[in-house]
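Chains as they are written, first to last, in our numbering: chain U, 252 to 348; chain V, 12 to 500.
Ideal placement from N, C-alpha and C gives every residue a C-beta, glycine not left out.
All figures in this text were calculated on a predicted structure; none of them were measured in a lab.
Notes follow once the structure below has been shown.
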Amino acid sequence: MPLSKDEVRHVAMLARLGVEPGDEAYYAEQLSGILEHIDRLQELDTEDIPPTAQVVEVASRLREDEPRPSLGQKEALANAPAAVNGFFRVPSIQEEA
Amino acid sequence: MTGDDLTRLTVKDALSLLRLGSVSAADLVTAHVQRIERLDPHVKAFLRFTPELWERQAAEADRLIRQGESRPLLGIPIAVKDVLCVTGVETTAGSQILKGFKPPYTATAVQRLFEAGALMLGVTNCDEFAMGSSTENSSYFPTRNPWDLTRVPGGSSGGSAAAVAAGEAMLALGTDTGGSIRQPAALCGVVGMKPTYGRVSRYGLIAFASSLDQIGPFARCVDDAAITLSLMSGLDPLDATSADRAPMEVLNNFNAGVRGMRLGVPREYYDVKGIEPGVKTAIDAALATFRMQGAEIIDVSLPHTDYGLAAYYIIAPAECSSNLARFDGVKYGLSEVDAPNITDQYLETRRKGFGGEVRRRVMLGTYALSTGYYDAYYLKAQKVRTLIKRDFDAAFKNCDAIVSATSPTVAFPLGAKTKEPLSMYLCDVLTLGGNLAGLPGISVPCGTSGDLPVGLQVLAPQWGENVALRVARAYEEASGVTAQVAGVV
Chain U
252 MPLSKDEVRH VAMLARLGVE PGDEAYYAEQ LSGILEHIDR LQELDTEDIP
302 PTAQVVEVAS RLREDEPRPS LGQKEALANA PAAVNGFFRV PSIQEEA
Chain V
12 MTGDDLTRLT VKDALSLLRL GSVSAADLVT AHVQRIERLD PHVKAFLRFT
62 PELWERQAAE ADRLIRQGES RPLLGIPIAV KDVLCVTGVE TTAGSQILKG
112 FKPPYTATAV QRLFEAGALM LGVTNCDEFA MGSSTENSSY FPTRNPWDLT
162 RVPGGSSGGS AAAVAAGEAM LALGTDTGGS IRQPAALCGV VGMKPTYGRV
212 SRYGLIAFAS SLDQIGPFAR CVDDAAITLS LMSGLDPLDA TSADRAPMEV
262 LNNFNAGVRG MRLGVPREYY DVKGIEPGVK TAIDAALATF RMQGAEIIDV
312 SLPHTDYGLA AYYIIAPAEC SSNLARFDGV KYGLSEVDAP NITDQYLETR
362 RKGFGGEVRR RVMLGTYALS TGYYDAYYLK AQKVRTLIKR DFDAAFKNCD
412 AIVSATSPTV AFPLGAKTKE PLSMYLCDVL TLGGNLAGLP GISVPCGTSG
462 DLPVGLQVLA PQWGENVALR VARAYEEASG VTAQVAGVV
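Put into structure tokens, the structure is as follows:
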């Protein structure tokens, strides 16, 4: 199924991926080529086939909900591009009313 | 023994020299650093070096050796792919978006090798976020194949494969999501092994596709790969998908040969589209060797092989689009901190930080998971994954292990496959089935085609690492190809 430039713009926005203006056509063409190959999956009848959830047999492991050693605030913030008062700083999320 | 001789040793031989006191860990490090200084400007396997680590670790190793202590990798210099976190060592997944990131913890797999006495030389180059088959998607520079500097080393763990092939490290760690250990091992003429899914903890591995990723070793012989993998294996409470099993033991029958074993050759792999005649000739010779050693070679079929690549290119991008959402410019790495609002910060950080292949896969995965397409793509792909796993289950009813080429081609020239994504994806057509089915697989050097290395892949049932190792070991012994080091320049 070919992907349109509008769909590329939509998907890029969903992924919060800035795309250079003019690049939509390039990605539309490349992704369409890959999807064309992927479309062969539709040839297979998978009506009664369960999807793979885990490839090896695993059981969920539970543990007691007890505090364990973890990173301190200083270490957790050590790589922060911007930190203030022990928090990660981000630009405003809502406009002021 | 000259410095260069010390860079050609297997781990076993290096350990006996260390124990005898004829060389020190510091000598081994010096020999490797000198070789790196001479060759790596051409090969470009390393992104960064870690002198502060190797100095401390070599001094500690030499102290322990003097005290008569023995550890399985005491004094052995290793290289680590740029996706495995090591405390305080810049780790970037080959990407600009993580530039400057210094992890506050060490990956369990690496930690276990440190505890076994290994010394870290540095961080190796890879395709950005391990997405690629040539290491050309690294945002820093491409690595070159030590056997022919105009060709790629394979990928995504190309730096690790090239470092071991060039004698720049005795062992290296890589990760394999669709073939990223086995394919570069094949193209660089070294041994590379991907374990069963869950065998090695992924804690501290920068995730690409979590249901497929596994960490494994590169080495110059099967013995070295086996010991390294066994040391990394075993339950880790810090990774919920690490299997609740005792660490892998390298079994005594490791050297037992292949007499009486049944080795399956899937016709879909043997005659895979695009396989080079020289590769096929090398595999035929390997099959003849196995027959001479008393193995039975039987035809098996993996009927859904043709759909593997399609399923993989839904599942892996879907998982990566989710995993890579964390790179938002808030917690670490590149950031457009002064953007006017949070959405612009995300958009700009990710526009500047991600390269072309990562963008393609994030968009593909987001599309496959988006409203209206989930059933047609993601769910469908996971059902096809079940069919592929069943193919392997059925094949293993008739054989002990599956043998094939690792890569349909030998190392290709730089730039040969960068224009057309699908042509690059096809590099992994013989390896990604093992990831979809969670199987252990190893690639061992198997002669040459046009003076370039060919790799033989051995796949075994889940948890059958020792079966794969035994077959690989038997081939290595019969072929006499072991511990080869590329001449480079």
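With a Cβ-Cβ cutoff of 8 Å, do residue i and residue j count as a contact?
i, j, result
"L157/V", "V54/V", "Looking at the sequence itself, residue 157/V is Pro, so the reference to Leu does not match. Their beta carbons are under 8 Å apart, which means P157/V touches V54/V by this criterion."
"E306/U", "S253/V", "Here residue 306/U turns out to be Val, not Glu, going by the sequence shown. In this structure, S253/V does not lie closer than 8 Å to V306/U by Cβ."
"G203/V", "S35/V", "no"
"G128/V", "R77/V", "no"
"L441/V", "I294/V", "no"
"V465/V", "V290/V", "yes"
"V262/U", "I353/V", "no"
"D138/V", "S149/V", "yes"
"W319/V", "I399/V", "It is worth fixing the name first, because residue 319/V is Gly in this sequence and not Trp. Yes, Cβ-Cβ distance for G319/V and I399/V is below 8 Å."
"T61/V", "G133/V", "yes"
"L242/V", "Y280/V", "no"
"K342/V", "N330/U", "yes"
"F125/V", "A183/V", "no"
"R312/U", "A251/V", "yes"
"T417/V", "Q225/V", "no"
"P451/V", "A405/V", "no"
"L433/V", "I289/U", "no"
"I217/V", "V94/V", "yes"
"T297/U", "K394/V", "yes"
"V44/V", "L198/V", "no"
Enumerate in chain order the residues of its own chain whose CB-to-CB distance from residue i is below 6 Å, with the five nearest sequence positions on each side excluded.
i, result
"L109/V", "T103, G344"
"I326/V", "A392"
"F407/V", "P472"
"S191/V", "A141, S167, S168"
"A220/V", "T188, A327, E330, C331"
"P456/V", "G200, P464, V492"
"A237/V", "V261, L480"
Counting along the chain, where does the alpha helix (DSSP H) carrying residue i start and finish?
i, result
"A69/V", "62-77"
"A297/V", "288-303"
"T397/V", "391-409"
"E275/U", "274-289"
"I353/V", "353-364"
"G445/V", "443-447"
"M435/V", "432-436"
"L124/V", "119-126"
"S171/V", "169-176"
"P342/U", "P342/U -> no alpha helix (DSSP H), and no H or E assigned at all."
"G344/V", "Premise fails: G344/V is in no alpha helix (DSSP H) and is neither H nor E."
"H261/U", "256-265"
Excluding sequence positions up to five away, which residues of its chain have a Cβ less than 7 Å from the Cβ of residue i?
i, result
"T154/V", "V54, K55, A56, N136, T146, P164, G169, G170, A173"
"M374/V", "none"
"L249/V", "T119, S212, Y214"
"I308/V", "L274, V276, L298, F301, R302"
"P424/V", "T161, R162"
DSSP puts residue i in a beta bridge; with which residues?
i, result
"P228/V", "L184/V"
"A412/V", "L274/V"
"T459/V", "P464/V"
"A90/V", "G133/V, A183/V"
"N156/V", "D159/V"
"G203/V", "F229/V, S454/V"
"R19/V", "Answer is none; R19/V lacks a bridge partner."
"R59/V", "V134/V"
"P424/V", "R162/V"
"A334/U", "F339/U"
"L95/V", "L216/V"
"S244/V", "V211/V"
"L223/V", "Its beta-bridge partners do not exist; DSSP assigns none."
"L328/U", "Paired residue(s): none; L328/U is not in a bridge."
Quick check: does the Cβ of residue i come within less than 7 Å of any heavy atom belonging to the ligand PLP?
i, result
"V91/V", "Summarising the ligand content, the structure contains no ligands, and the ligand PLP is consequently not present."
With a threshold of 8 Å on Cβ separation, who are the neighbours of residue i within its own chain once the five nearest residues in sequence on each side are excluded?
i, result
"E347/V", "G340, D355, Q356, E359, T360, K363"
"G426/V", "E147"
"G86/V", "A25, L26, L29, S35, A36, L39, A69, A72, D73, I76, G128, L130"
"R46/V", "G14, D15, T18, A177, G178, E179"
"S33/V", "M12"
Which residue marks the beginning of the beta strand (DSSP E) containing residue i, and which one marks its end?
i, result
"V311/V", "307-311"
**Report entry** chain U contacts from the segment 199-218 of chain V (Cβ-Cβ distance under 8 Å)
**Finding:** T207, Y208, G209
**Report entry** Contact residues within the segment 326-338 of chain U, judged by C-beta distance below 8 Å to chain V
**Finding:** Taking 8 Å as the Cβ-Cβ cut-off against chain V, the residues of the segment 326-338 of chain U that qualify are E326, A327, A329, N330, A331, P332, A333.
**Report entry** Residues of the segment 380-396 of chain V with Cβ closer than 8 Å to any Cβ of chain U, in chain order
**Finding:** S381, A387, Y388, L390, K391, A392, Q393, K394, V395, R396
**Report entry** Residues from the segment 103-117 of chain V in contact with chain U, defined by Cβ distance under 7 Å
**Finding:** Within the segment 103-117 of chain V, those residues whose Cβ lies closer than 7 Å to any Cβ of chain U are, in chain order, F112, K113, P115.
Query raised in the report: Just by C-beta distance, which residues in the segment 301-314 of chain U are closer than 7 Å to chain V?
Result: P301, P302, T303, V306, V307, V309, R312
Report task. Scan the segment 254-265 of chain U for residues whose Cβ lies nearer than 9 Å to a Cβ of chain V and list them as they occur along the chain. Result -> Cβ contacts with chain V come from L254, E258, V259, H261, V262, A263, M264, L265.
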